[in-house]
Structures are given as structure tokens and as C-alpha cells.
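Contents: one structure, followed by commentary.
There are 2 protein chains.
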Amino acid sequence: MSELMNRQIVLKSRPHGEPTTENFALVETAMRQPGEGEVLRRTIYLSLDPYMRGRMSDGPSYASPAALNEAMPGGTVSKVVYSRNPAFAEGDFVLGYDGWQEYGLSDGQELRTLDPVLAPISYALGVMGMPGMTAYFALLDIGKPKEGETVVVSAAAGAVGSIVGQIAKIKGCRAVGLAGTDEKCRVVTEDLGFDACINYKTQELDSALKQTCPNGIDIYYDNVAGPILAAVLGHINLGARIPLVGLISQYNATTPPIGPNLVALLIKRAQIRGFLVTDCMHRYAEFASEMGTWLRTRKLRYRESIVDGLENSPTAFMGLFTGENTGKLLVRVSQDPTV
Amino acid sequence: MSELMNRQIVLKSRPHGEPTTENFALVETAMRQPGEGEVLRRTIYLSLDPYMRGRMSDGPSYASPAALNEAMPGGTVSKVVYSRNPAFAEGDFVLGYDGWQEYGLSDGQELRTLDPVLAPISYALGVMGMPGMTAYFALLDIGKPKEGETVVVSAAAGAVGSIVGQIAKIKGCRAVGLAGTDEKCRVVTEDLGFDACINYKTQELDSALKQTCPNGIDIYYDNVAGPILAAVLGHINLGARIPLVGLISQYNATTPPIGPNLVALLIKRAQIRGFLVTDCMHRYAEFASEMGTWLRTRKLRYRESIVDGLENSPTAFMGLFTGENTGKLLVRVSQDPTV
Numbered sequence: 000m001s002e003l004m005n006r007q008i009v010l011k012s013r014p015h016g017e018p019t020t021e022n023f024a025l026v027e028t029a030m031r032q033p034g035e036g037e038v039l040r041r042t043i044y045l046s047l048d049p050y051m052r053g054r055m056s057d058g059p060s061y062a063s064p065a066a067l068n069e070a071m072p073g074g075t076v077s078k079v080v081y082s083r084n085p086a087f088a089e090g091d092f093v094l095g096y097d098g099w100q101e102y103g104l105s106d107g108q109e110l111r112t113l114d115p116v117l118a119p120i121s122y123a124l125g126v127m128g129m130p131g132m133t134a135y136f137a138l139l140d141i142g143k144p145k146e147g148e149t150v151v152v153s154a155a156a157g158a159v160g161s162i163v164g165q166i167a168k169i170k171g172c173r174a175v176g177l178a179g180t181d182e183k184c185r186v187v188t189e190d191l192g193f194d195a196c197i198n199y200k201t202q203e204l205d206s207a208l209k210q211t212c213p214n215g216i217d218i219y220y221d222n223v224a225g226p227i228l229a230a231v232l233g234h235i236n237l238g239a240r241i242p243l244v245g246l247i248s249q250y251n252a253t254t255p256p257i258g259p260n261l262v263a264l265l266i267k268r269a270q271i272r273g274f275l276v277t278d279c280m281h282r283y284a285e286f287a288s289e290m291g292t293w294l295r296t297r298k299l300r301y302r303e304s305i306v307d308g309l310e311n312s313p314t315a316f317m318g319l320f321t322g323e324n325t326g327k328l329l330v331r332v333s334q335d336p337t338v
Numbered sequence: 000m001s002e003l004m005n006r007q008i009v010l011k012s013r014p015h016g017e018p019t020t021e022n023f024a025l026v027e028t029a030m031r032q033p034g035e036g037e038v039l040r041r042t043i044y045l046s047l048d049p050y051m052r053g054r055m056s057d058g059p060s061y062a063s064p065a066a067l068n069e070a071m072p073g074g075t076v077s078k079v080v081y082s083r084n085p086a087f088a089e090g091d092f093v094l095g096y097d098g099w100q101e102y103g104l105s106d107g108q109e110l111r112t113l114d115p116v117l118a119p120i121s122y123a124l125g126v127m128g129m130p131g132m133t134a135y136f137a138l139l140d141i142g143k144p145k146e147g148e149t150v151v152v153s154a155a156a157g158a159v160g161s162i163v164g165q166i167a168k169i170k171g172c173r174a175v176g177l178a179g180t181d182e183k184c185r186v187v188t189e190d191l192g193f194d195a196c197i198n199y200k201t202q203e204l205d206s207a208l209k210q211t212c213p214n215g216i217d218i219y220y221d222n223v224a225g226p227i228l229a230a231v232l233g234h235i236n237l238g239a240r241i242p243l244v245g246l247i248s249q250y251n252a253t254t255p256p257i258g259p260n261l262v263a264l265l266i267k268r269a270q271i272r273g274f275l276v277t278d279c280m281h282r283y284a285e286f287a288s289e290m291g292t293w294l295r296t297r298k299l300r301y302r303e304s305i306v307d308g309l310e311n312s313p314t315a316f317m318g319l320f321t322g323e324n325t326g327k328l329l330v331r332v333s334q335d336p337t338v
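These protein sequence lines are chains L and S, in that order.
Following numbering that gives the first Met the number 0, the numbering of the first sequence begins with 0 at its first residue and continues without gaps.
Following numbering that gives the first Met the number 0, the numbering of the second sequence begins with 0 at its first residue and continues without gaps.
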């Protein structure tokens with residue numbers, strides 16, 4: 000195999016507060032030759048997700064920090080371009096965790112082969128992957144939605160929130176989203192079928208929640224924490240369930256922000272419970288079967304927001320925190336031959 | 000029946016912040032004559048509990064506010080002095096909710112007859128009553144203690160906390176209390192058998208929790224919320240359970256204080272869940288059987304702090320918020336003929 004140059008976006012420095020382009024660097028390195036049993040693949044799609052902000056810091060978290068001067072971590076869908084591992088053939092599509100770079104090389108133990116006939120290969124990074132599982136398990140296991148209940152979800156136009164509201168609808172609930180632009184709210188209600196959507200940047204939250212949730216809130220699927228959680232707590236019903244799945248509102252904070260007063264939890268005998276999708280990985284089959292059915296029968300719609308070019312990853316990533324994307328954010332690192 | 004004068008402590012005005020003696024008034028009114036089917040009783044013990052602070056305000060809560068110029072509400076153990084109800088005989092001891100007054104009169108539907116042979120009658124207001132049930136159900140149902148786990152409880156010398164730690168020990172857990180004086184800490188460890196107790200007023204909480212909970216915290220039984228909850232969150236283990244049972248630290252606040260940052264819930268997949276004992280009243284028998292056994296076999300010890308005289312109720316009540324009492328706080332309104 001001739002020498003291959005690999006472009007990478009590496010973590011150059013740890014951000015203090017909001018990440019900037021200064022924290023990233025585009026570097027080009029020569030790939031080593033694949034050894035016996037190894038498989039080389041070329042990245043087609045790179046997933047960009049809010050959790051990556053945590054990896055950029057070296058404070059305590061549920062995962063170890065990204066290393067400086069190495070490719071930023073991230074989920075990828077790739078095409079096998081060279082294989083010395085009998086489990087993979089050239090041309091196979093695989094789900095992996097190769098990070099922000101053009102090529103990945105390993106013994107392939109962490110890879111999962113994708114069938115492009117079953118679903119678009121990019122779905123493995125979204126609705127059929129980690130964001131879809133996050134929406135599915137946190138809503139169903141912690142939220143336990145019952146017909147007729149009201150489910151509120153923050154970041155409703157995002158990769159996870161957009162799925163949460165649709166599952167809520169499938170379960171017979173009223174689904175109310177929170178999003179940061181009128182256009183996102185339009186997508187959430189008109190395209191995704193939520194019953195209502197609140198633009199939390201322009202609407203007064205308290206009265207908007209009262210108006211859109213006339214019977215109170217039974218489940219609040221929280222992707223953001225912060226002031227939205229505090230406002231929601233004023234409207235929860237007896238026995239409300241609050242899966243806490245993300246704290247997007249504070250990922251860029253330089254000091255931990257304060258939290259909401261919890262008296263409503265006591266008055267309403269409600270619960271807040273943290274959720275990490277990694278705890279549910281062993282239940283992938285159960286998830287994939289039901290989610291696959293919903294997609295095939297068009298009970299659930301899925302939106303992607305695709306940015307072209309590895310070099311644009313830092314800017315696209317930063318947009319996650321300023322509300323630039325609608326749907327799952329992906330970077331197309333190389334052409335997708337299946338579409 | 001000759002005319003009977005009833006002394007009452009009434010709510011004269013709603014407190015702004017900490018209650019003061021100005022908010023209460025001692026009044027004397029004539030009792031009306033008992034009607035057909037009614038039962039008149041004389042209060043022996045009045046229970047004083049932190050939740051009463053909530054009743055003094057007219058903000059939103061889980062119970063309606065106490066009425067101005069009426070007797071403050073509260074649990075009582077009384078002796079039947081006159082009965083026109085065949086279900087009660089003169090001399091019977093009854094548990095009721097007669098409030099801060101010398102006499103109660105009603106059709107008796109809400110009363111429960113007590114057997115002074117089974118347990119001291121005052122226990123019905125403490126370890127065998129609402130505080131005991133609060134300790135028992137919130138710890139067992141939400142906390143779900145498993146052998147070898149570490150249970151931390153705030154207000155550990157109080158009516159509820161002192162029982163929580165002892166149940167934790169019975170369940171094979173390490174029990175660590177938080178209390179506000181060295182003397183309370185001594186009681187908690189030496190008399191009640193907790194493994195450790197932190198004086199949160201004199202010790203640096205973070206290092207004290209680290210030292211007394213070397214394996215982290217699996218259950219935090221929270222009676223107080225506020226800064227102690229925030230500190231505890233820094234030491235919780237994966238899957239920690241936090242029954243939120245009281246918010247003593249903020250009952251006197253004039254504006255709702257901020258809460259803790261909740262990122263630890265996500266990282267540790269932990270939960271905070273509000274608890275109100277009223278939801279468990281139908282499970283009294285289950286509780287009474289097990290708690291009664293623990294008391295009889297001396298696996299669990301119970302302490303009372305008794306103040307004499309109805310007129311001293313306001314001062315004793317205010318002491319709940321400044322940490323005056325150790326164990327269950329009661330007012331002896333009239334002599335207990337069983338002791």
C-alpha cells in the first residue's frame with residue numbers, strides 16, 4: 000500500500016468557556032501501514048454532538064478527556080478501504096469511533112458493519128444510533144410515558160429532542176417542544192408533528208408553558224438544564240418524571256452555574272434522574288427493532304443537518320451551542336457512495 | 000357538661016422569613032357542647048414539626064395554609080374526656096390532628112385509638128407515627144439500601160433523621176449523620192449507633208464527607224436541601240438515590256433560594272425524588288409491624304425532646320429551625336396519665 004496522508008482536526012488547547020477555532024488545528028500526518036489483522040477505513044460521516052464539549056475539558060466527567068494534539072474523538076461511519084482482517088472486506092461500511100479525521104486504523108474490534116439496504120448508513124450516527132437510543136431509553140425507562148400525559152422536551156429541534164417528541168406522540172402523549180428560533184419551532188410542529196413548540200428566546204417561558212401545557216407537565220425530557228428546568232418545575236404534575244440527559248446550557252460555563260430550587264420535587268413527589276446512553280448499549284437490539292419499525296412505517300421522521308468537509312467541523316461544532324442546526328448534525332468527510 | 004374553656008395558640012399573622020412570637024397568639028375560647036355522635040378529648044401531647052412552617056404561609060404547597068386566627072394545625076395524642084360516639088369511651092387515648100390547643104371536638108372519624116400497653120402513647124407522634132413512616136418509606140422505597148452501601152442523612156439528630164440512620168444500620172449500611180452541634184453528633188454516634196457524624200457548622204463539609212464516606216455516598220436522605228445537598232452531590236456514587244424529604248434550610252427563606260448544580264446527577268446516573276408521607280398512609284400496618292419489632296428487640300432507639308406547657312409551643316417550634324432539639328419535639332399540653 001502506498002503512503003497515505005491523513006488529515007485530522009486535533010485538540011490544540013482546552014477551551015476556557017466557549018470553544019473557539021483556536022482550540023482546534025488541522026494537521027496532516029502519514030498513516031502507518033496496516034498490520035496483520037488490522038482494517039483501514041475512510042471516514043464518510045463524522046457525528047458532532049454536544050457531549051464532545053466535555054471531552055475537551057479535563058475536569059471530572061463520565062469519560063476521560065480528549066488528549067491534546069490528537070484527533071478529537073467522535074462517532075464515524077466509514078468505508079473499509081483496506082483490510083487484513085477476515086471479518087471486514089474492502090467496500091464494507093462500518094460504524095466506529097474514529098474521531099475527527101479522514102482515516103481510521105485498528106484491529107476492528109470496536110467496529111460494527113452496516114447494511115446500507117436496511118437504512119441510510121448515516122442513520123447509525125443518529126436515529127438508529129446513540130442519539131436515537133438516548134431519546135428512546137431515557138424517555139421510556141425514566142419518563143414512562145402514559146397515554147394522555149404531557150411531555151415537554153428541550154432542544155426539541157436537535158438530534159435527540161426531535162425523536163423524543165415523536166416517540167411521545169406515538170405513545171399517545173401531548174408533545175411540547177422548546178427551541179430557539181421560530182423556524183425550528185415550525186419544523187418541530189409542522190414537520191415532526193409536535194402539538195406545540197415554544198421559542199424560549201422570544202417567548203415568556205412561564206406563561207408559554209401554562210398555555211401549551213394546560214394539564215401540567217408529566218414528563219420533562221431535559222437536554223439543557225439551567226433556567227428552562229427551573230421554569231418547567233413550576234408546572235409539573237404530581238409524580239412527574241424528569242430524565243436529565245444533557246446540560247447543554249452549561250457545557251461552556253467557566254464556573255458551575257447554580258441549579259433550580261427543588262421544592263417542587265417535594266410538593267409534587269417528582270423525580271429528576273440522570274441518564275447516560277452508555278448504560279443501555281446492551282439493549283441495542285430491542286431499540287433497533289422498534290425504532291426501525293417506526294421509521295419504515297413513517298411513524299417517525301428523521302432530519303439531518305449535513306456540513307461538507309472535515310475542515311468545517313470546528314465551526315459546525317461550535318454552532319451546536321448557538322443553536323445553528325436543526326436535526327442531527329453530521330460532517331460529510333468524504334463522498335457517500337450509497338446515495 | 001359544664002362550660003369548658005379551651006386555650007389555643009392561633010396563627011395571628013403570616014411570617015415573612017423566620018417566624019417570631021408575634022405571629023402567634025394565645026387565646027381562650029369557650030368550647031361548644033358536644034353534639035350527638037361527637038367526641039371531646041383533651042390534648043396530652045402536641046407534635047411540633049418543620050412542615051408546619053409551610054402551613055403558616057399561603058404560597059403554593061402540598062397542603063392548604065393554616066387559617067388566620069384559628070388554632071395552628073398539628074398532630075396530637077389526647078385522652079377522651081366525654082363521648083357521645085359509641086366508638087370511643089371516656090379514658091381512651093387517641094391519635095388525632097387537633098392542633099395547638101387543649102381540647103378537640105369532632106365526630107372522631109379522623110381519630111385512631113392507641114393502646115398504651117403496646118407502646119408509650121407519645122410514640123404515635125414519632126417513631127410509630129408520621130416521622131417514623133417518613134424515615135421508613137422514603138429510605139426503603141426511594142433509597143433502596145443494600146448491604147455495604149453508605150447512607151448519609153441530614154438533620155441526623157432530628158425526629159426523622161435519627162430513625163433513618165438506625166434503619167440504615169439494620170440494613171447493613173454505613174450510616175453517616177450530619178448535625179449542627181457536637182453534642183448532637185455525640186448522641187448520633189454514641190447513643191444511636193451511627194458510624195460517624197459531621198458537625199456541618201464547624202467542619203469543612205467537603206473534606207469531612209470524603210473522610211467519613213471513603214467509599215462514596217450511595218444514598219443521601221435529604222431533610223434540608225441547600226448547601227449540604229450541593230456538597231453531597233460531589234461525593235455520590237454511580238446510581239445514587241436521593242430521597243428529598245424536607246427543605247428545612249429554606250422554609251424560612253423570603254425568596255426561593257437557588258439549588259445545586261445537577262451535573263453530578265448526569266455523570267453518576269443518580270436520582271433525586273421528592274417524598275411525602277401522606278402518600279404512604281395506606282401502608283401503615285406494614286410499617287408498624289416492622290418498626291414495632293425493631294423497637295421491642297431494641298434494634299432501634301427512640302429519643303424525645305419534651306417541652307411542658309401549650310404556651311411554650313411557639314418558642315419550641317422556632318427552635319426547630321435553629322437546631323435546639325435532639326430527637327422528636329413534643330409539647331406536653333397536659334399530664335400523661337400512662338407514665
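Beta carbons are placed, not taken as given, at the ideal position from N, Cα and C, and that holds for glycine.
Distance between residue j and residue i (C-alpha atoms, nearest Å)
| i | j | result |
| --- | --- | --- |
| S:Tyr-301 | S:Asn-260 | 35 angstroms |
| S:Asn-84 | S:Arg-40 | 12 angstroms |
| S:Gly-215 | L:Ser-60 | 16 angstroms |
| S:Gly-179 | S:Leu-204 | 12 angstroms |
| S:Glu-285 | S:Gly-291 | 10 angstroms |
| L:Ala-207 | L:Ile-197 | 7 angstroms |
| L:Met-30 | L:Ala-88 | 19 angstroms |
| L:Leu-47 | S:Gly-164 | 46 angstroms |
| L:Val-151 | L:Lys-78 | 38 angstroms |
| S:Asp-307 | L:Asp-194 | 60 angstroms |
| L:Ala-66 | L:Leu-25 | 15 angstroms |
| S:Arg-13 | S:Gly-258 | 25 angstroms |
| S:Lys-334 | S:Ile-43 | Looking at the sequence itself, residue 334 of chain S is Gln, so the reference to Lys does not match. Roughly 6 angstroms separates the two Cα atoms. |
Short CB-CB distance (under 9 angstroms) between residue i and chain S
| i | result |
| --- | --- |
| L:Val-223 | no |
| L:Ser-82 | no |
| L:Ala-230 | no |
| L:Val-116 | no |
| L:Gly-157 | no |
| L:Ile-257 | yes |
| L:Gln-7 | no |
Any C-beta of chain L under 9 angstroms from that of residue i
| i | result |
| --- | --- |
| S:Arg-13 | no |
| S:Val-126 | no |
| S:Leu-261 | yes |
| S:Val-151 | no |
| S:Leu-246 | yes |
| S:Gln-249 | yes |
Reference residue i; option with closest CA among the options
| i | options | result |
| --- | --- | --- |
| L:Glu-371 | L:Ser-105, L:Ala-178, L:Thr-253 and L:Pro-255 | Only positions 0 to 338 of chain L appear in the structure, and residue 371 of chain L is not among them; the question remains open. |
| S:Arg-272 | L:Ile-120, L:Ile-266, L:Thr-337 and L:Gly-164 | L:Ile-266 |
| S:Leu-349 | S:Thr-337, S:Gln-334 and S:Gly-318 | Nothing about residue 349 of chain S can be read from this structure; chain S reaches only from 0 to 338. |
| S:Gly-125 | S:His-15, S:Val-152 and S:Gly-160 | S:Gly-160 |
| L:Ser-153 | L:Ile-169, L:Arg-185, L:Val-223 and L:Tyr-122 | L:Val-223 |
| S:Lys-11 | S:Ser-1, S:Glu-2, S:Met-4 and S:Asn-22 | S:Asn-22 |
| S:Ile-247 | S:Ile-235, S:Pro-226, S:Asp-57 and S:Tyr-81 | S:Pro-226 |
| L:Asn-251 | L:Tyr-220, L:Pro-33, L:Thr-201 and L:Pro-49 | L:Pro-49 |
| L:Ser-288 | L:Tyr-135, L:Glu-146 and L:Ala-24 | L:Tyr-135 |
| S:Gln-339 | S:Met-4, S:Thr-314, S:Pro-64 and S:Leu-139 | Past the edges of chain S, shown from 0 to 338, lies residue 339 of chain S, and the structure says nothing about it. |
| S:Pro-255 | L:Ala-229, L:Gly-322 and L:Thr-20 | L:Ala-229 |
Listed by chain order, chain S residues near residue i by CB distance under 7 angstroms
| i | result |
| --- | --- |
| L:Gly-215 | Per Cβ cutoff of 7 angstroms: no residues; L:Gly-215 is ~13 angstroms from chain S at best. |
Contact set between residue i and chain L, taken where Cβ atoms lie within less than 8 angstroms
| i | result |
| --- | --- |
| S:Leu-243 | Leu-261, Leu-264 and Leu-265 |
Item checked: Chain-ordered residues of the region 264-275 of chain S with a beta carbon less than 8 angstroms from chain L -> Leu-264, Leu-265, Ile-266, Lys-267, Arg-268, Ala-269, Gln-270, Ile-271, Arg-272, Gly-273, Phe-274 and Leu-275
Check: Using a Cβ cut-off of 7 angstroms, which residues of the region 277-310 of chain L contact any Cβ in chain S, in chain order?
Finding: Asp-278
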